[in-house]
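Okay, so here's the structure we're looking at.
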């Protein structure tokens, strides 16, 4: 998946736009893990991320299986151990890292807070935006969240 995004999708986007066009990953639920992970692994290619209602710990999806591949695709595992100053410098220069969650049915805002605490400890600027207890883990939520971020932040 990661290789497809970086070697196929990004070059396609660049060919259709320009090298200066910012690329921001976005996703909801499991897609939030993917978009955040893609961004954190390759801040040289991406300008930010908008992750909505995600768990950033791959162990919550792996059914107990865990190996190095899982580790390097689980932001809450590898980010605390990131000490590469070049990568940290790229991440610290980003202005568009948004981690959103509702607090209603089937949401887990503590997962967004966990990622936010890790980013804070690394000096990486970000926004954790928790919505109300009436905001559930569902498409109507994400249809509101994404335009909210795009409309007020860019």
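Numbering (our numbering), first residue to last: 36 to 189. No residue lacks a Cβ here, since even glycine has one placed at the ideal position from N, Cα and C. Keep in mind it's a predicted model, so treat the numbers as computed, not measured.
- For residue 136, the pairing in a beta bridge is given by DSSP as 165.
- Residue 150 places its beta carbon less than 8 Å from that of residue 110.
- Excluding its 5 nearest sequence neighbours in each direction, residue 147 has C-beta neighbours in its own chain below 6 Å: 134, 136 and 163, listed in chain order.
- Using a Cβ distance threshold of 8 Å, residue 170 and residue 139 count as a contacting pair.
- Here residue 43 is exposed: its Cβ has fewer than 16 other Cβ atoms, across all protein chains shown, within 10 Å.
- The three-state secondary structure of residue 59, taken from DSSP, is strand.
- Nearest Cα to residue 160 within the set 181, 131 and 179: 131.
- For residue 86, DSSP records a beta bridge to 62 and 134.
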